[in-house]
Every structure is written in C-alpha cells, then in structure tokens.
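Heads up, the final residue of the sequence shown is numbered 168 in our numbering, and it's a clean run with no missing numbers.
Have a look at the structure below, then the notes.
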Amino acid sequence: GGVNAVLNRLVFGAVCGGTVGASIGVMNAGWEARLSSSTALDPLYRSIARYSLLFSGYFSAYHGLKQGIRVYLPEWRKLDMPAAAVLAMAPLAAVRGLRRLLPYAAALVALDAFNSLDDDDDD
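Structure, rendered in structure tokens:
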C-alpha cells in the first residue's frame with residue numbers, strides 16, 4: 046500500500062543518510078582536530094552523531110517526500126525528485142551554518158537520480 050511504501054522509503058533514507066552523515070562527521074572531526082591540540086574522542090563522537098542525525102533526517106525526508114509524491118500525486122511523477130530535493134534541502138539552505146552541507150545533500154540526490162535512471166516502475 047501507499048503508506049507502507051512511504052514508510053519503507055523513510056527508513057531507507059534514514060539508514061543511507063545516517064551512514065553518509067557519519068562519514069562526513071569523521072571528516073569534519075578530522076578537520077577540527079587539525080585546528081585543535083586536543084586528542085579527546087568526545088569531539089569525534091559528537092561530530093559523528095550530529096552529522097549522522099542531520100543527514101538521516103534529510104535523506105529520510107527526501108525519500109519520504111519523493112515516494113509520497115509518487116503514491117499520492119501520480120500526476121507529478123516527473124517532478125518527484127526535484128520537488129522532494131527542493132523541499133528537503135530548504136532547511137539546510139535556511140540555516141547559515143548548514144549551507145556548507147548542501148553539496149553533500151545534492152550529491153545524495155544525484156546518486157539517487159543515477160540509480161533511478163532505469164527505474165520503469167512506479168513503486
């Protein structure tokens with residue numbers, strides 16, 4: 046059904062986004078460690094948690110919106126990806142400190158678009 050399809054995409058987006066966010070968190074912590082003399086692991090864990098949650102929420106929202114459009118607004122099928130991307134990226138664009146993450150968010154959408162090139166079904 047429609048609700049299950051949307052929920053499945055929400056979970057998928059959360060898992061994928063969380064994994065990407067953890068990777069970004071490790072990179073960010075590495076950059077911060079170069080600027081600091083601290084060797085404590087707390088900043089690393091905080092960075093991983095922060096970016097994992099952020100990208101988990103972002104990519105979950107993107108996939109949920111995209112699937113919701115497919116299920117509930119089939120006439121918008123050709124615009125599902127760009128519409129979902131704009132709506133999901135809006136909070137990142139609105140917060141000055143998060144704008145630097147927009148290229149990563151766009152890369153996730155680009156990977157999804159590439160993966161969907163031969164997707165003929167309306168799942």
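Here a beta-carbon is modelled for each residue, glycine too, at the ideal position from N, C-alpha and C.
None of these values were measured; they are calculated from a predicted model.
- The DSSP-derived three-state label of Val154 is helix.
- Comparing alpha-carbon positions, the option among Gly113, Arg91, Ala59 and Cys61 lying closest to Asn49 turns out to be Gly113.
- Within 10 angstroms of the beta-carbon of Val65 lie 16 or more other beta-carbons, which makes it buried.
- By the Cβ neighbour-count rule, Asp163 is exposed, with fewer than 16 other Cβ atoms within 10 Å of its own.
- Going by DSSP, Asp87 is part of the alpha helix (DSSP H) stretching over Asp87 to Tyr117.
- Of the residues assessed, Asn160 falls on the exposed side of the cut-off, its CB having fewer than 16 other CB atoms within 10 angstroms.
- Take Leu89, set aside five residues on each side of it, and the residues of its chain with a beta-carbon closer than 6 Å to its own are Ala74, in chain order.
- Residue burial is scored here from C-beta neighbours: Val71 has fewer than 16 other C-beta atoms within 10 angstroms and is therefore classed as exposed.
- In this structure, Tyr96 lies near Ile69, with their beta-carbon atoms less than 9 Å apart.
- DSSP places Asp125 in the uninterrupted alpha helix (DSSP H) bounded by Asp125 to Ala139.
- Leu147 is the residue among Leu147, Leu124, Met126 and Asp125 whose C-alpha sits nearest the C-alpha of Ala135.
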